[in-house]
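Novice:
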Amino acid sequence: DMKVTQMPRYLIKRMGENVLLECGQDMSHETMYWYRQDPGLGLQLIYISYDVDSNSEGDIPKGYRVSRKKREHFSLILDSAKTNQTSVYFCASGGNSGNTLYFGEGSRLIVV
Amino acid sequence: GEQVEQRPPHLSVREGDSAVIICTYTDPNSYYFFWYKQEPGAGLQLLMKVFSSTEINEGQGFTVLLNKKDKQLSLNLTAAHPGDSAVYFCAVSPDTNAYKVIFGKGTHLHVLP
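Residue numbers (the working numbering), protein chains in the order written: chain A, 128 to 239; chain B, 590 to 702.
1. In terms of alpha-carbon separation, which member of E591(B), P683(B), V690(B) and F678(B) lies closest to I611(B)?
2. How about L138(A) and I204(A): are their beta carbons less than 8 Å apart?
3. Whole angstroms is fine: what's the gap from E232(A)'s alpha carbon to G630(B)'s?
4. Select from F217(A), R192(A) and C218(A) the residue whose C-alpha is nearest the C-alpha of N145(A).
5. In whole angstroms, give me the CA-to-CA distance for S663(B) and L655(B).
6. Contact check, Q619(B) vs P671(B) under 8 Å by CB: the rounded distance?
7. Report the neighbours of L228(A) on chain B: residues whose CB is nearer than 7 Å to its CB, in chain order.
8. Which two residues bound the contiguous beta strand (DSSP E) that contains Y688(B)?
9. For D673(B), name the three-state secondary structure that DSSP assigns.
10. Please state whether the Cβ-Cβ distance between M159(A) and S176(A) is less than 8 Å.
11. Looking only at its own chain, which residues have a Cβ that is under 8 Å from the Cβ of T210(A), when we skip the five neighbours before and after it?
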């Protein structure tokens, strides 16, 4: 089906609460990504995962951690959310090096 | 590391006019180049992927030009229509880590009827 599914799509949390954003893909892609999108800043890479338990920091990893226990699932965790983590988060998956990225529809997180 | 500059950030054109979006990058060893389209409330979808030297690629209603000498990637929407209204992103994969994809900041295109 070539689909990347993100849950939840919308989330409101209080400052200091934990946040779990989940992402699934049905393409057996090895590589998965978490980006955040903010107005005027475009897409910023938070973490990249090359396969199960093989994760690497992106450009803005501070305040985030990830988990990849199955190839088809990649989770983004915010321990003690901050107001500046209010954003739209996108998960993507890709096959081999240089391949097209397939994006989910985004998870809009508001931290109050 | 690689940096990608995209301009303009906002672009309004009338239906039937052309629209040009330009990206410049810094790493001369970059190998893969992409244009993505993002419609409101949705994720990004690939428009075109290019690699190799100076190259013109034609899609449905648009042309992509890669000029490696000037480290420039452009998207030209010919005869734009309202359905082209979206945010467009260029993206570059540096040769040193082709899994890493670096995006421009996006261009909001509005096509007025």
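Glycine included, every Cβ here is placed at the ideal spot set by N, Cα and C.
Specialist: According to the structure data:
1. Mapped onto the second sequence, residue 611(B) falls at position 22. I611(B) has its Cα closest to that of F678(B), out of E591(B), P683(B), V690(B) and F678(B).
2. Taking the first sequence and counting its residues from 1, one reaches residue 138(A) at position 11. Taking the first sequence and counting its residues from 1, one reaches residue 204(A) at position 77. For L138(A) and I204(A), no; Cβs fall outside 8 Å.
3. For the purposes of this step, residue 232(A) is taken as the residue at position 105 of the first sequence. For the purposes of this step, residue 630(B) is taken as the residue at position 41 of the second sequence. Roughly 7 Å separates the two Cα atoms.
4. Mapped onto the first sequence, residue 145(A) falls at position 18. Nearest of F217(A), R192(A) and C218(A) to N145(A), Cα basis: R192(A).
5. Residue numbering aside, residue 663(B) sits at position 74 when the second sequence is read from its first letter. Residue numbering aside, residue 655(B) sits at position 66 when the second sequence is read from its first letter. If you take the alpha carbons of S663(B) and L655(B), they lie about 7 Å apart.
6. Residue mapping note: residue 619(B) aligns to position 30 of the second sequence, counting from 1. Residue mapping note: residue 671(B) aligns to position 82 of the second sequence, counting from 1. A small fix is needed here, since residue 619(B) is Ser in this sequence, not Gln. With 8 Å as the limit, S619(B) and P671(B) do not qualify as a contact, their Cβ atoms being about 33 Å apart.
7. The sequence position of residue 228(A) within the first sequence is 101, counting from 1. In chain order: V690.
8. On the second sequence, position 99 is the one that residue 688(B) refers to. Looking at the DSSP string, Y688(B) is not in any beta strand (DSSP E), and its letter there is neither H nor E.
9. Taking the first residue of the second sequence as position 1, residue 673(B) is located at position 84. If DSSP states are grouped into helix, strand and coil, D673(B) belongs with the helices.
10. By 1-based counting over the first sequence, the position of residue 159(A) is 32. By 1-based counting over the first sequence, the position of residue 176(A) is 49. Yes.
11. Walking along the first sequence from the start, residue 210(A) turns up at place 83. For T210(A), where only same-chain residues beyond five positions count, the Cβ hits under 8 Å are M142, V238 and V239.
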